[in-house]
Amino acid sequence: MSPIDPSLIDTAEEFKKGGWIVAVLGALGAFARLVITEEKWQAIVWVRQMLAGAIVGVLVYFAINHSEIDAMYKSIIYSSSGALAPNIFEWIKKKFTNRIK
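First residue of the sequence shown? That's 722 in the numbering used here, and the numbers climb one at a time after it.
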């Protein structure tokens, strides 16, 4: 079994200290997108899409955490990715189900 990369351990520790906020930023991005739409949504759809935004926000955090990007731009990337997450997941789901048929 290969040893765990120390930079991944450092990133996980940073996530525990304050990086978890990106999950909130991603969820808020998805929430803001849902609020400004004209479509009627059920509560479970809101929760599902906000959860997708939070998951994508965390994935993006681990992808760009150690990059040389200003913190303000990183926060914009986190919330934007969360806002786009529901569309991305729907697109992947549609492609996957079309491929199975």
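The beta-carbon is built from N, C-alpha and C at its ideal position, and this holds for glycine as well.
Q | For proline 727, the three-state DSSP class (helix, strand or coil) | A | In this structure, proline 727 counts as helix in the three-state DSSP scheme.
Q) Between the beta-carbon of glycine 750 and the beta-carbon of tyrosine 782, is there less than 9 Å? A) If you check the CB distance, glycine 750 and tyrosine 782 do not come in under 9 Å.
Q: Measure the alpha-carbon distance for alanine 748 versus isoleucine 742 and round it to whole angstroms.
A: Roughly 10 Å between the two C-alpha positions.
Q: Starting from the N-terminal side, write out each stretch of the alpha helix (DSSP H) that is 4 residues or longer and does not extend beyond the segment 767-801.
A: Positions of the alpha helix (DSSP H) runs, each at least 4 residues long and wholly inside the segment 767-801, cannot be given because no such run exists.
Q.
Closest to leucine 755 by C-alpha separation, out of Phe817, Ile821, Ala806, Lys816, would be which residue?
A. Closest by C-alpha distance to leucine 755, out of Phe817, Ile821, Ala806, Lys816, is Ala806.
Q: May I have the straight-line CA-CA distance separating alanine 764 from phenylalanine 752, to the nearest angstrom?
A: Each residue's Cα considered, the two are about 12 Å apart.
Q. Apart from the five residues on each side of it in sequence, which residues of its chain come closer than 7 Å, Cβ to Cβ, to phenylalanine 810?
A. Within the same chain, phenylalanine 810 has close Cβ partners Ala773.
**Q.** Cβ-based neighbour list, leucine 780, same chain, cut-off 7 Å, excluding 5 preceding and 5 following
**A.** No residues qualify anywhere along the chain.
Q.
Going by DSSP, what residue range makes up the alpha helix (DSSP H) through glycine 740?
A. Run containing glycine 740: none; DSSP gives neither H nor E here.
Q: Can you give me the Cβ contacts of isoleucine 798 inside the same chain, cut-off strictly under 8 Å, excluding the 5 residues immediately before and after it?
A: Hits under 8 Å: Val781, Ile785, Ile790.
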